[in-house]
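**Q**
Residue numbers (UniProt numbering): 1 to 161.
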């Protein structure tokens, strides 16, 4: 079994390396897939954007046994069922890993533009609750939610195989 990951800012990569350290499985980036036998079992880790797990489509012809999606929310957004359906991974174990993001001032290009517009929209809402305030803070200040304990469900799944 291998760990294959796609990471944009390094948070998902950290999870892949933590999982490798705990399991002694080999880790590869998606761009190294040419080194992988298509029959080899894979645990895939990818970062999420609007419920879509980035990099996963490149593994459709491979033997993916579990999928982990990394995002900034406390839980998968919109929810686990929607993420599973949106990514067409019904029947494959899915694990959500809370990752992180850099502060808005450190972003560049289209990411900064899009997140700035989203932040403006969030701040203009009248019905701010704790979850919304947290989202605003995460965008403005950044956030690092990567923790070994978040891998426990994945490790438990691996131990039952």
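Beta carbons: idealized from backbone N, C-alpha and C, even for Gly.
Remember, predicted model here, so these are calculated numbers, not experimental data.
Tell me the DSSP secondary structure of residue 29 in three-state form.
**A** Residue 29: strand per DSSP, three-state reduction.
**Q** From residue 57 to residue 4, what does the alpha carbon distance come to, in whole angstroms?
**A** Computed Cα separation, rounded: 13 Å.
**Q** Runs of 3 residues minimum, wholly inside the segment 28–99: which ones carry the beta strand (DSSP E) assignment?
**A** Correct list: 41–49, 63–71, 94–98.
**Q** Hey, quick one: how far does the beta strand (DSSP E) through residue 130 stretch, first residue to last?
**A** Here residue 130 belongs to no beta strand (DSSP E); instead the alpha helix (DSSP H) covers 130–141.
**Q** Let's test the definition: count the other Cβ atoms within 10 Å of the Cβ of residue 24 and tell me whether it reaches 16, buried, or not, exposed.
**A** Exposed, since its Cβ has fewer than 16 Cβ neighbours within 10 Å.
**Q** Just grab the DSSP bridge partners of residue 5 for me.
**A** DSSP lists 29, 45 as partners of residue 5.
**Q** Just verifying my parser: in three-state terms, what is the DSSP assignment at residue 144?
**A** DSSP places residue 144 in strand when its eight states are reduced to three.
**Q** Given a cut-off of 9 Å on the beta-carbon distance, is the pair residue 42 and residue 97 in contact?
**A** No, the Cβ-Cβ distance between residue 42 and residue 97 is not below 9 Å.
**Q** Beta-carbon separation of residue 77 and residue 48 under 9 Å?
**A** In contact: residue 77 and residue 48 (Cβ atoms closer than 9 Å).
**Q** Skipping 5 residues on each side, what residues in its chain have a beta carbon closer than 8 Å to that of residue 39?
**A** Answer for residue 39: 63, listed in chain order.
**Q** Label residue 66 either buried or exposed according to how many other C-beta atoms from any shown protein chain fall within 10 Å of its C-beta, with 16 as the threshold for buried.
**A** Label assigned to residue 66: buried.
**Q** Looking at C-alpha atoms only, which residue of 112, 110, 107, 139 is the closest neighbour of residue 122?
**A** Here the closest residue by C-alpha is 139.
**Q** For residue 148, count neighbouring C-beta atoms within 10 Å of its own C-beta (all shown protein chains included) and say buried if the count is 16 or more, exposed if not.
**A** The residue in question, residue 148, is exposed, as its Cβ has fewer than 16 Cβ neighbours within 10 Å.
**Q** Please report the straight-line C-alpha distance between residue 124 and residue 137, rounded to a whole angstrom.
**A** Approximately 14 Å between the Cα atoms of the pair.
**Q** For residue 17 and residue 92, I'd like the C-alpha separation in whole angstroms.
**A** About 22 Å.
**Q** How would you call residue 59, buried or exposed, if buried means at least 16 neighbouring beta carbons within 10 angstroms?
**A** Classification of residue 59: buried, given that the 10 Å Cβ count is 16 or more.
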